[in-house]
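Read through the structure below, which is laid out as structure tokens, and then see the notes.
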Amino acid sequence: MADVVSTPVQEQAPSAGLFTRLVGVVFAPRDAYTAIAAHPKWFGALSVVTLIMIAGQVILLSTDVGRNMTLDQQLSVMKSLGVTVTQEMVQQMEARMAYAPYTTGASLLVFVPLISVAFAGLLLAIFTAILGGGATFRQVFAVVVHSGIIGAISQTFSLPIMYAREDMSGPTRLAVFFPMLNEMGWANYFFSAIDLFIIWSLINLSIGVAVLYKRQTGSVASVLLGIYAVIAVIIATVRAF
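Structure follows, in structure tokens:
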């Protein structure tokens with residue numbers, strides 16, 4: 059990836075409306091993040107991203123197919139962790155599925171903001187405390203929140219495909235392109251942990267961080283994608299062994 063020197067954050071940069079900022083993050087991220095950094099509004103973007111996430115999950119879990127897929131995924135995770143699944147446990151989980159749209163919606167209402175705060179704190183620690191940048195938490199948080207629109211787009215794209223396939227496995231995982239791999243092998247687990255939308259999201263976020271800290275986009279992306287690769291290696295290793 060070619061390094062692009064980030065544009066300095068200009069305090070006099072004009073403020074942009076919510077719709078303009080979100081569309082800009084997708085199609086013209088450098089200009090959008092320059093405006094966001096100068097005027098770090100976050101509440102509207104966080105609300106839109108959270109509501110899209112909630113709407114997608116609630117709609118899916120309001121269908122029999124969605125509830126069955128979610129239940130199958132939960133059972134698969136439990137079995138992979140060595141949990142002995144009894145018929146009584148299955149019946150209890152099936153009963154709880156009736157409330158899944160409400161419990162999932164409520165949990166996303168809490169966890170989407172919390173995860174955004176945590177991720178912004180991590181970026182602040184890396185690029186401000188360790189590398190000596192000058193951005194504020196409000197600026198970093200605003201950038202993180204706006205970049206979340208990529209995740210919302212990912213869900214909007216993926217959920218209909220999952221529903222049609224009746225399978226919760228992500229359709230944009232790299233493993234989709236390597237069907238010849240052993241399903242229980244390390245390589246398959248690794249490529250299953252790498253998602254194309256997450257790569258796009260991290261590159262997009264790298265542009266925002268580069269704007270904030272006046273760094274090269276390539277160097278920021280190397281840090282974020284490197285961390286993602288390490289996490290994928292750990293996930294694959296744990297699942298394989």
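59 is the number of the first residue of the sequence shown in the numbering used here; add one for each residue after it.
By construction, the Cβ of each residue, glycine as well, lies at the ideal position given by its N, Cα and C atoms.
Along the region 117-201, the alpha helix (DSSP H) occurs as fully enclosed runs of 4 or more residues at 122-138, 145-154 and 158-182, listed in sequence order. When the alpha-carbon of A193 is set against those of H97, Q145 and T161, the nearest one is in H97.
Between S216 and S259, the C-beta spacing is not below 8 Å.
Cβ atoms of D253 and R231 come within 8 Å of each other, at about 5 Å. Within the same chain, no Cβ atom closer than 6 Å to the Cβ of T128 is found once the five residues on either side in sequence are excluded. The residue among S120, A210, V135 and K99 with its C-alpha nearest the C-alpha of F195 is K99. Between the alpha carbons of I219 and T108 lies a gap of roughly 21 Å. In the three-state scheme derived from DSSP, where H, G and I count as helix and E and B as strand, D225 is classed as coil. D253 is bridged by DSSP to R231. A distance of 8 Å or more separates the beta carbons of S212 and F248. Under the 8 Å Cβ criterion, the region 113-131 counts as touching the region 224-244, having at least three qualifying pairs. At least 8 Å separates the beta-carbon of Q197 from that of A90.
Per DSSP, the unbroken alpha helix (DSSP H) holding A95 starts and ends at P87 to A96.
Under the 8 Å Cβ criterion, the region 72-85 does not count as touching the region 183-190, having fewer than three qualifying pairs. Taking C-beta atoms as the reference points, R125 and A164 fail to come closer than 8 Å. Judged by DSSP in its simplified three-state form, A290 adopts helix.
Pairing L263 with V202, the inter-Cα distance amounts to about 7 Å.
A Cβ-Cβ distance of about 26 Å is found for the pair T275 and I110, leaving them out of contact under the 8 Å criterion. The region 279-299 makes contact with the region 234-247: 3 or more CB pairs, one atom from each, lie closer than 8 Å. Rounded to the nearest angstrom, the gap between the Cα atoms of P87 and A251 is 26 Å.
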